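Working notes, beginning with the structure itself.
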Amino acid sequence: MLNFLILTTTALLAVSMLVGMLLGYAAQRNLLEVRTAVRRGALSGAIAAFTLALLELTTGFVVREYYNLVVLCGAIAAEIALLLLLATTRSLAPEKTATRFFRVVFFTVLASWGAFYLPDIFIYPSRFAVGIVQVASSEFVFIVTGYTLGIGLCLLTAYAVFRVCAVVPELILFPLFLSSLLAFCAAQIITVGQILLGRGLVPRHAQALDAIIFLLNNAQLLLYWSIAAAALTAVILWLRCSRAVAVGENPAQRRKARSLTKRHLLWSKTVIAALLVAVLVMTVGQRFNDQKMDLSPPQEMTAVGGEIVHPTAVVGDGSLHRFVYRSRKGAAVRYIIIKKNETAYGVGLDACDVCGPSGYYERKGQVICMLCDVVMNKSTIGFAGGCNPVPLRFSLKDGNLVIATEDLEAEAPRFM
Numbered sequence: 001m002l003n004f005l006i007l008t009t010t011a012l013l014a015v016s017m018l019v020g021m022l023l024g025y026a027a028q029r030n031l032l033e034v035r036t037a038v039r040r041g042a043l044s045g046a047i048a049a050f051t052l053a054l055l056e057l058t059t060g061f062v063v064r065e066y067y068n069l070v071v072l073c074g075a076i077a078a079e080i081a082l083l084l085l086l087a088t089t090r091s092l093a094p095e096k097t098a099t100r101f102f103r104v105v106f107f108t109v110l111a112s113w114g115a116f117y118l119p120d121i122f123i124y125p126s127r128f129a130v131g132i133v134q135v136a137s138s139e140f141v142f143i144v145t146g147y148t149l150g151i152g153l154c155l156l157t158a159y160a161v162f163r164v165c166a167v168v169p170e171l172i173l174f175p176l177f178l179s180s181l182l183a184f185c186a187a188q189i190i191t192v193g194q195i196l197l198g199r200g201l202v203p204r205h206a207q208a209l210d211a212i213i214f215l216l217n218n219a220q221l222l223l224y225w226s227i228a229a230a231a232l233t234a235v236i237l238w239l240r241c242s243r244a245v246a247v248g249e250n251p252a253q254r255r256k257a258r259s260l261t262k263r264h265l266l267w268s269k270t271v272i273a274a275l276l277v278a279v280l281v282m283t284v285g286q287r288f289n290d291q292k293m294d295l296s297p298p299q300e301m302t303a304v305g306g307e308i309v310h311p312t313a314v315v316g317d318g319s320l321h322r323f324v325y326r327s328r329k330g331a332a333v334r335y336i337i338i339k340k341n342e343t344a345y346g347v348g349l350d351a352c353d354v355c356g357p358s359g360y361y362e363r364k365g366q367v368i369c370m371l372c373d374v375v376m377n378k379s380t381i382g383f384a385g386g387c388n389p390v391p392l393r394f395s396l397k398d399g400n401l402v403i404a405t406e407d408l409e410a411e412a413p414r415f416m
């Protein structure tokens, strides 16, 4: 649950805030003629993102970096054009030519943002059942809940920021919006530079590589700059509403003014609360999610006559047991044994085809992958697929669970 909450929040928060600020600022500039372009741009971006996600999941010819490079170059060009238009025109309404330019720019901006930031949101659901998690299980419900909460948090943030920015004075809002957009654009330029250098599309000078590494290590600061700009906008509106005095020619008008002030105050508080939750998710939640369970040392086993014998009285208690066998080439081949029910055992390597030899641990009676934190359905251990342990052949003889060393030797390359 927490993992997908972090993933969706991190993927969408920056673009959600900026969309809210952009549309809120445009509303103050009488953005009526370009509403259709905004909707079409957002829809086009979502369609492009869904198409890419579908191709990435079903084919092998999609090179995501080249796609990102093209989309980001278009986004950066559109953002620069947007800044120039906003800085050089005082109104969207007077001239038809300016309105036409705004339509094109808004369409391109929204389409490129959707095309770049949404593909992962469409891809994440394909990972829900990577550990053969049953749809009806509580674990699956928790995963879907985390995914949904992350999207919901970002959508709420976008709408609340829009409502706040639609009423904050333009002279105050424009510098904050400008700084947020520049930070957003800078993050995109860093990504473009990373792709160009990584793919060898530009000469790999040492200075350029050092600069990109430095910028990547500090790219998170750009996100927090945008968060600070959105939060400051909400704080400014909060302070203005707190000091506002209802005026009107009659009591009805004064009540209406007080109601409007309360509504503005509510949205400013919503922005601050949503951003606070998002920051906690990306910091405290991330740190908690990154904590890995220390694996207990596996019990080293020796073979007798090409077989390793495990008394069922020891491994049949329903808990996870970890063992290691030293192959002829010195590889530490780890494997696990767990009794699934009264009549069946689950035996597999302490590794899987998805995450490699990362290992498994037991928590509250559940077997969990160390790398991806996916909970295994205990009844499926011993079957191939997803993040399940690679199955290992065994036999039951005279109250013992027996594993042939030749099967372990065959799997030794996984652990080398």
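Going by full-length UniProt numbering, 141 is the number at position 141 of the sequence shown; the sequence numbering is gapless. For glycine and all other residues, C-beta sits at the position ideal for the given N, C-alpha and C. Computed from a predicted model, the values in this text were never measured in an experiment.
Alpha carbon of residue i to alpha carbon of residue j, nearest angstrom
i           : j           : result
residue 162 : residue 354 : 41 Å
residue 190 : residue 213 : 10 Å
residue 318 : residue 347 : 12 Å
residue 331 : residue 409 : 9 Å
residue 108 : residue 41  : 6 Å
residue 85  : residue 29  : 12 Å
residue 349 : residue 308 : 14 Å
residue 69  : residue 158 : 26 Å
residue 231 : residue 271 : 7 Å
residue 79  : residue 22  : 11 Å
residue 411 : residue 83  : 58 Å
residue 403 : residue 128 : 32 Å
residue 274 : residue 335 : 45 Å
residue 105 : residue 45  : 14 Å
residue 39  : residue 241 : 31 Å
residue 328 : residue 416 : 12 Å
residue 363 : residue 217 : 34 Å
residue 166 : residue 20  : 9 Å
residue 367 : residue 377 : 8 Å
residue 337 : residue 62  : 39 Å
residue 100 : residue 34  : 8 Å
residue 395 : residue 220 : 53 Å
residue 289 : residue 18  : 27 Å
residue 185 : residue 11  : 15 Å
residue 206 : residue 153 : 41 Å
residue 210 : residue 193 : 12 Å
residue 253 : residue 260 : 11 Å
residue 225 : residue 160 : 18 Å
residue 264 : residue 43  : 29 Å
residue 1   : residue 87  : 43 Å
residue 358 : residue 66  : 31 Å
residue 27  : residue 122 : 30 Å
residue 5   : residue 303 : 46 Å
residue 156 : residue 150 : 10 Å
residue 215 : residue 324 : 43 Å
Backbone secondary structure at residue i - three-state DSSP
i           : result
residue 349 : strand
residue 404 : strand
residue 269 : helix
residue 165 : helix
residue 319 : coil
residue 411 : coil
residue 262 : helix
residue 338 : strand
residue 160 : helix
residue 358 : coil
residue 331 : coil
residue 29  : coil
residue 199 : coil
residue 391 : strand
residue 218 : coil
residue 85  : helix
residue 8   : helix
residue 128 : coil
residue 381 : coil
Cβ separation of residue i and residue j, assumed to be a contact under 8 Å, to the nearest whole Å
i           : j           : result
residue 419 : residue 115 : Not covered by the structure: residue 419. The range shown for the chain is 1 to 416.
residue 306 : residue 405 : 5 Å
residue 392 : residue 310 : With 8 Å as the limit, residue 392 and residue 310 do not qualify as a contact, their Cβ atoms being about 12 Å apart.
residue 278 : residue 9   : 6 Å
residue 339 : residue 316 : 5 Å
Strand pairing of residue i, partner residues [DSSP]
i           : result
residue 300 : 324
residue 308 : 403
residue 375 : 368
residue 179 : Its beta-bridge partners do not exist; DSSP assigns none.
residue 65  : Beta-bridge pairing links residue 65 to no other residue.
residue 397 : 400
residue 35  : Paired residues: none, contrary to the question.
residue 363 : 366
Would you check if there are 3 or more beta carbon pairs closer than 8 Å linking the stretch 221-231 to the stretch 170-181? yes
At a cut of 8 Å, does the stretch 184-198 reach the stretch 252-269 through at least three beta carbon pairs? no
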